[in-house]
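**Student:** Just dropping this structure here.
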Amino acid sequence: MNDDEFELFQDYFRRRTGIQFGAGKRAYIERRLDDRLAKTGEPSVRSYVTYLKYADRGDEMQSLVNAMTVNETYFNRETYQFNILVKAILPELTTERPDRPLSIWCVPCSTGEEPFSIAIWLLENWPSVDRHHIDILGSDIDSAVLATARRGEYDSRSLQHLSPRLREKYFRPAGPGRWRVIDALLRSVDFSSVNLTDAGQMKQHGEHDVVFCRNVLIYFDDESRRIAAERLYEALRPGGFLCLGHSESMDRISRLFKVRRFADGVVYQKPV
Ligand SMILES: C[S@@+](CC[C@H](N)C(=O)[O-])C[C@H]1O[C@@H](n2cnc3c(N)ncnc32)[C@H](O)[C@@H]1O
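Counting with my numbering, you get residues 648 to 919 for the letters of the sequence shown.
Right, here's the structure in full:
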């Protein structure tokens with residue numbers, strides 16, 4: 648792949664997904680693109696991009712996305728925000744109507760550990776959990792990780808930050824070193840395919856009280872981050888909260904949100 652082809656591919660993929668690969672990722676991209684070229688029979692990166700652009704190539708685009716995304720996640724990642732959720736966000740959202748339904752959206756959710764962790768955290772740490780109907784939705788652009796999320800089956804590495812007590816309570820053995828979430832937990836989370844930068848796809852999922860959008864904006868360029876911020880703003884009810892990953896921030900991206908500082912950390916809020 649020459650420099651022009653690298654730029655051409657980067658630009659096309661960024662406009663479709665928001666994801667911007669730095670020069671340091673060239674070998675990573677090249678390996679995966681070689682595989683896609685071999686599978687489609689396209690002789691060059693230039694012709695492969697044309698193939699994606701000028702025909703109905705939804706399936707190939709999905710295979711490419713699945714090959715390119717970084718899906719690192721695990722149970723109980725960055726739990727300081729789960730503390731903010733139960734100690735500050737949910738009490739605030741339910742002050743006026745202590746039995747109101749609540750909707751929480753993890754976009755992106757990768758293989759599902761984050762939405763299942765939130766469900767477990769609420770059951771274990773939020774005394775009012777039984778008073779509310781709570782919808783938890785997980786979405787991602789990668790169809791392969793969503794298939795794993797829907798199965799709810801994980802290896803021990805994914806579960807390493809869960810205590811043995813929680814593992815015994817919410818999982819069943821599923822073969823050597825593997826665990827499957829119990830049916831009740833599996834049923835408590837819905838999963839769907841969504842591109843965070845696509846206004847139409849995001850709107851289909853309506854408005855939510857809390858959106859977790861963690862550890863994806865780090866892969867976006869500034870323009871895609873601004874687009875994502877607008878989509879996330881639209882995805883929240885007035886007064887709803889947005890949680891970003893610990894190394895992500897709305898500084899320099901968007902002034903749409905109010906910054907809310909709590910003892911455990913910072914989250915963002917859509918003004919009422
Ligand atoms: C590193 S994982 C983060 C998962 C989880 N939020 C966490 O913090 O553990 C990043 C995920 O973002 C997804 N992703 C990348 N671009 C996306 C987009 N435009 N829309 C939706 N999901 C996207 C990837 O497929 C990947 O599963």
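No residue lacks a Cβ here, since even glycine has one placed at the ideal position from N, Cα and C.
(1) Using three-state DSSP, classify residue 916 as helix, strand or coil.
(2) For the putative contact between residue 903 and residue 876, defined by C-beta atoms under 8 Å, what is the C-beta separation to the nearest angstrom?
(3) Considering only the beta carbon of each residue, do residue 784 and residue 776 sit closer than 8 Å?
(4) Can you list, in chain order, the residues of its chain with a C-beta nearer than 8 Å to that of residue 874? Leave out the 5 residues immediately preceding and following it.
(5) Near residue 788, what residues of its chain come up, given a Cβ to Cβ distance below 8 Å and the 5 sequence neighbours on each side ignored?
(6) What are the uninterrupted segments assigned as beta strand (DSSP E) that are 3 or more residues long and contained completely in the region 822–852, given in chain order?
(7) Shortest alpha-carbon distance to residue 858 belongs to which of 880, 812, 682?
(8) Between which two residues does the beta strand (DSSP E) harbouring residue 819 extend?
(9) Measure the CB-CB distance between residue 854 and residue 878 and report whether it falls below 8 Å.
(10) Return the CA-CA distance between residue 728 and residue 651, expressed in angstroms with no decimal places.
(11) Distance check for residue 719 and residue 781, CA to CA, integer angstroms please.
(12) Which word fits residue 865, buried or exposed, when buried means at least 16 other C-beta atoms lie within 10 angstroms of its C-beta?
(13) For ligand 1, is there a heavy atom less than 7 Å away from the beta-carbon of residue 896?
(14) Among residues of its own chain, excluding the 5 on either side of residue 733, which ones have a beta-carbon nearer than 8 Å to its beta-carbon?
(15) Apart from the five residues just before and just after residue 698, which ones in its own chain have a Cβ nearer than 8 Å to its Cβ?
(16) Spatial neighbours of residue 907 within its chain, please: C-beta separation below 6 Å, excluding the five flanking residues on both sides.
(17) Can the beta-carbon of residue 891 be found closer than 8 Å to that of residue 860?
(18) Please identify the residue among 832, 893, 653 whose C-alpha is closest to the C-alpha of residue 674.
(19) Can you tell which of 742, 899, 889 has the C-alpha that lies nearest to the C-alpha of residue 751?
**Tutor:** So, to answer that:
(1) Three-state result, residue 916: strand.
(2) Indeed, because the Cβ distance is near 6 Å, the residues count as touching under 8 Å.
(3) Not in contact: residue 784 and residue 776 (Cβ atoms no closer than 8 Å).
(4) Closer than 8 Å at the Cβ level, and outside the excluded window around residue 874, lie 665, 844.
(5) Result list for residue 788: 664, 712, 716, 755, 840, 841, 842, 843, in chain order.
(6) Listed in chain order, the complete beta strand (DSSP E) runs (minimum 3 residues) inside the region 822–852 are 825–828, 836–840.
(7) Cα-wise, what sits closest to residue 858 is 880.
(8) Residue 819 -> beta strand (DSSP E) spans 818–820.
(9) No, these two residues do not count as a Cβ contact at 8 Å.
(10) The C-alpha of residue 651 is placed about 42 Å away from the C-alpha of residue 728.
(11) C-alpha of residue 781 to C-alpha of residue 719: approximately 26 Å in a straight line.
(12) Exposed, because fewer than 16 other Cβ atoms sit within 10 Å of the Cβ of residue 865.
(13) Because no heavy atom of ligand 1 lies under 7 Å away, the Cβ of residue 896 does not count as near it: no.
(14) Hits under 8 Å: 768, 769, 772, 773.
(15) 687, 689, 704, 707.
(16) Same-chain partners within the cutoff: 914, 916.
(17) Their beta carbons are under 8 Å apart, which means residue 891 touches residue 860 by this criterion.
(18) Closest by alpha carbon: 653.
(19) Measuring from the Cα of residue 751, the nearest candidate turns out to be 889.
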